[in-house]
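Beneath this line is the structure, given in structure tokens, with notes to follow.
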Amino acid sequence: MSNRRRLLFSVVVSFVLSTGAPIGASGGAPELPPTARAAISRAIEADHGDPPFEEAKLASGEENDAFGNSIAISGDTIVVGAPFARPAAVYVFVKPASGWADTSIFDAKLTASDGVPSDGFGQSVAVSGDTVFVGASQLNSGSKGAAYVYVEPASGWASTSAFDAKLTAFDGSTGDGFGATLAVSGDTIVVGAFNAEIAAGRRGALYVFERPASGWASTSGYEARLTASGGGVGDAFGGSLAASGDTVVAGAPGAESGLGAAYVFVKPVSGWSSTSSFAAKLTASGGEFGDGYGQSIAISEEAAVVGAPFARVGSNAAQGAVYVFEKPDAGWASTSAFDAKLTAADGAAQDFFGLPVALSGRTVAAGAPAEIGLDRPGSVYVFVRPVDGWQSTSAFDAKLTASDAAGSDFFGFAVAMSSRELAASALGANVTRGAAYVFGALPPACEPGLRCATPVPERPAEPVGPRFR
Numbered sequence: 074m075s076n077r078r079r080l081l082f083s084v085v086v087s088f089v090l091s092t093g094a095p096i097g098a099s100g101g102a103p104e105l106p107p108t109a110r111a112a113i114s115r116a117i118e119a120d121h122g123d124p125p126f127e128e129a130k131l132a133s134g135e136e137n138d139a140f141g142n143s144i145a146i147s148g149d150t151i152v153v154g155a156p157f158a159r160p161a162a163v164y165v166f167v168k169p170a171s172g173w174a175d176t177s178i179f180d181a182k183l184t185a186s187d188g189v190p191s192d193g194f195g196q197s198v199a200v201s202g203d204t205v206f207v208g209a210s211q212l213n214s215g216s217k218g219a220a221y222v223y224v225e226p227a228s229g230w231a232s233t234s235a236f237d238a239k240l241t242a243f244d245g246s247t248g249d250g251f252g253a254t255l256a257v258s259g260d261t262i263v264v265g266a267f268n269a270e271i272a273a274g275r276r277g278a279l280y281v282f283e284r285p286a287s288g289w290a291s292t293s294g295y296e297a298r299l300t301a302s303g304g305g306v307g308d309a310f311g312g313s314l315a316a317s318g319d320t321v322v323a324g325a326p327g328a329e330s331g332l333g334a335a336y337v338f339v340k341p342v343s344g345w346s347s348t349s350s351f352a353a354k355l356t357a358s359g360g361e362f363g364d365g366y367g368q369s370i371a372i373s374e375e376a377a378v379v380g381a382p383f384a385r386v387g388s389n390a391a392q393g394a395v396y397v398f399e400k401p402d403a404g405w406a407s408t409s410a411f412d413a414k415l416t417a418a419d420g421a422a423q424d425f426f427g428l429p430v431a432l433s434g435r436t437v438a439a440g441a442p443a444e445i446g447l448d449r450p451g452s453v454y455v456f457v458r459p460v461d462g463w464q465s466t467s468a469f470d471a472k473l474t475a476s477d478a479a480g481s482d483f484f485g486f487a488v489a490m491s492s493r494e495l496a497a498s499a500l501g502a503n504v505t506r507g508a509a510y511v512f513g514a515l516p517p518a519c520e521p522g523l524r525c526a527t528p529v530p531e532r533p534a535e536p537v538g539p540r541f542r
């Protein structure tokens with residue numbers, strides 16, 4: 074790997090892992106025996122038909138743009154952040170009528186007319202219907218951070234630097250990291266500020282904004298500020314973030330003296346209001362200091378998924394793990410008893426399995442981009458909920474890799490899912506220009522309450538993914 078390439082990845086990873094444990098010593102795991110691999114393949118085919126397949130490779134931008142640092146999908150739209158571009162940018166790709174195909178032609182390139190160098194524009198993205206949200210924490214520009222809103226024109230997406238709204242926090246301060254993470258659900262956007270000053274300490278906060286009846290407009294007035302009672306300095310509360318329906322979940326990888334935690338908030342009947350009272354605190358029994366638990370988060374109507382990308386698995390340091398919590402019938406409640414711990418049977422040290430996670434219906438996806446310099450291209454693992462419920466396993470239902478995979482591609486750095494498609498980025502692809510890959514034929518989603526016992530027609534799911542900080 075060239076020195077320039079190493080420098081790029083060192084900068085990106087230093088942001089991504091800023092609240093996690095140091096990268097551990099190298100190591101490896103034995104490959105699955107052929108009989109085991111064959112059994113997994115037969116199980117996939119028997120239960121779900123054809124396995125997921127690569128539909129397209131989306132690429133754009135210049136070398137070292139960090140194209141693919143963030144990714145989101147909603148319906149037929151995929152949004153990819155490139156925070157190191159000059160100027161920083163977000164690219165919008167719309168699925169053609171003929172279906173996805175390899176392309177470097179985007180439908181729109183979104184920039185900010187008031188952007189400044191190193192403002193982090195595009196380090197987080199979200200999309201819902203015809204609206205794209207872009208975070209810019211501005212940690213390196215000495216500003217408070219912002220979330221930009223772009224609404225698709227009636228004529229369709231087109232490149233622009235004119236945003237429809239800029240969301241900020243009136244009580245924010247420099248270095249809060251406001252905009253480092255985003256989550257959208259319907260007409261509500263939640264903005265994470267993992268380094269916000271709370272009670273005379275950098276503890277982190279979430280800010281909730283709801284779309285006015287007249288449409289999005291620039292404002293510093295939020296509906297609610299969510300914090301975690303009992304939290305401490307350095308918790309990085311809001312370092313990861315997801316939303317579904319009336320529920321928001323925030324990761325805090327520095328909480329619990331470095332063991333990490335995930336906090337669940339449910340919208341009250343009276344509407345969102347500022348609070349430090351959460352509905353549930355999810356921790357992992359048996360977890361260890363520095364696992365990075367809470368570094369990534371995903372949520373659906375029925376479950377929450379928490380990544381711990383630095384967790385040791387056997388003798389493999391930082392192989393990574395993902396924890397699944399199914400929502401109890403009585404509603405969310407604090408617990409350390411997870412329903413499943415997912416690992417990869419063929420995983421190796423420094424895979425960072427779970428650095429990004431995504432959840433759609435009964436399907437969990439976990440990226441394993443692998444440490445820089447190990448000459449492994451990275452993978453995305455897919456797990457499908459059994460009819461009788463989640464249970465701990467290392468047997469995955471599918472392992473996705475890029476058709477043109479090369480060492481140190483960092484494939485699986487960011488992951489997002491819709492009901493039947495998955496988008497994953499590879500920061501190091503195309504000589505560090507980056508790329509995004511689209512995979513189809515995911516298992517069907519399920520209606521809320523059915524516990525995924527039977528397949529039902531497709532429905533959109535909220536995008537989630539990791540962001541650098």
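FYI, in my numbering the residues of the sequence shown are 74 to 542.
Note that the Cβ used here is the ideal one computed from N, Cα and C, for glycine as well.
Distances from the CA of V430 to each of S491, Y221, L447 and P341 were compared; the closest alpha carbon is that of S491. The region 427 to 473 contains, as complete beta strand (DSSP E) runs of 3+ residues, the segments 430 to 433, 436 to 441, 452 to 457 and 471 to 473 (chain order).
Judged by beta-carbon spacing, S317 lies within the 8 Å limit of E374, meaning their Cβ atoms are closer than that value. If you draw a straight line from the Cα of R385 to the Cα of P326, it is about 16 Å long.
Here V222 is near T204, since their CB atoms are less than 8 Å apart. For A502, the three-state secondary structure derived from DSSP is helix. For the beta strand (DSSP E) assignment, the uninterrupted runs of no fewer than 3 residues enclosed by the region 258 to 303 are, from N- to C-terminal side, 261 to 266, 278 to 283 and 297 to 299.
Minimum Cα-Cα distance from G367 among the listed residues V165, L432, A323 and A162 corresponds to A323.
When DSSP states are grouped into helix, strand and coil, A328 belongs to the helix group. For G513, the uninterrupted beta strand (DSSP E) segment begins and ends at A508 to G513. Closest in C-alpha terms to S369, from the list S388, Y396 and W345, comes Y396.
A328 is the residue among S147, P401, A162 and A328 whose C-alpha sits nearest the C-alpha of G363.
Taking one beta carbon from each stretch, the region 396 to 410 and the region 282 to 290 have fewer than 3 pairs nearer than 8 Å; the two do not touch. Rounded to the nearest whole angstrom, the C-alpha separation of A394 and G294 is 38 Å. A straight-line Cα-Cα distance of about 21 Å links A231 and A209. By the Cβ-count criterion, I178 is exposed, with fewer than 16 other Cβ atoms from all chains shown falling within 10 Å of its own Cβ. Taking a 10 Å sphere around the C-beta of R159, we find fewer than 16 other C-beta atoms and assign the residue as exposed. The three-state secondary structure of I178, taken from DSSP, is coil. Under the three-state reduction of DSSP output, S317 falls in the strand class. Here V198 is not near S498, since their CB atoms are 8 Å or more apart.
For S191, no beta strand (DSSP E) encloses it, and the DSSP letter there is neither H nor E.
Just measuring C-alpha positions, the residue of A170, F166, D138 and S201 sitting nearest F194 is D138. In the DSSP assignment, A376 falls within the beta strand (DSSP E) that extends over A376 to A381.
Looking from the CA of V378, the closest CA among A235, L314, L255 and A272 belongs to L314.
Counting along the chain, no beta strand (DSSP E) covers E361, and no H or E run does either. With respect to T466, A413 sits close: the two C-beta atoms are nearer than 8 Å. DSSP, read as helix, strand or coil, puts Y221 in strand. Residue pairing by DSSP places E399 opposite A376 in a beta bridge. Distance between T233 and E444, taken at the CA atoms: about 35 Å. Comparing alpha-carbon positions, the option among A290, Y510, D244 and P450 lying closest to A238 turns out to be A290.
Counting along the chain, the unbroken beta strand (DSSP E) around G208 starts and ends at T204 to A209. Linking A390 to S147 through their CA atoms gives a straight-line distance of about 35 Å. Closest option to T320, judged by alpha-carbon separation, among A502, A371 and V504: A371. Burial is judged here by how many other beta carbons sit within 10 angstroms of a residue's own beta carbon; A174 has fewer than 16 and is exposed. Close CB contacts of R506 within its chain, under the 7 Å cut and outside five residues either way in sequence, are with A132, G134, E135, E136, D138 and F140 (chain order). The straight-line gap separating the alpha-carbon atoms of V207 and V163 is approximately 8 Å.
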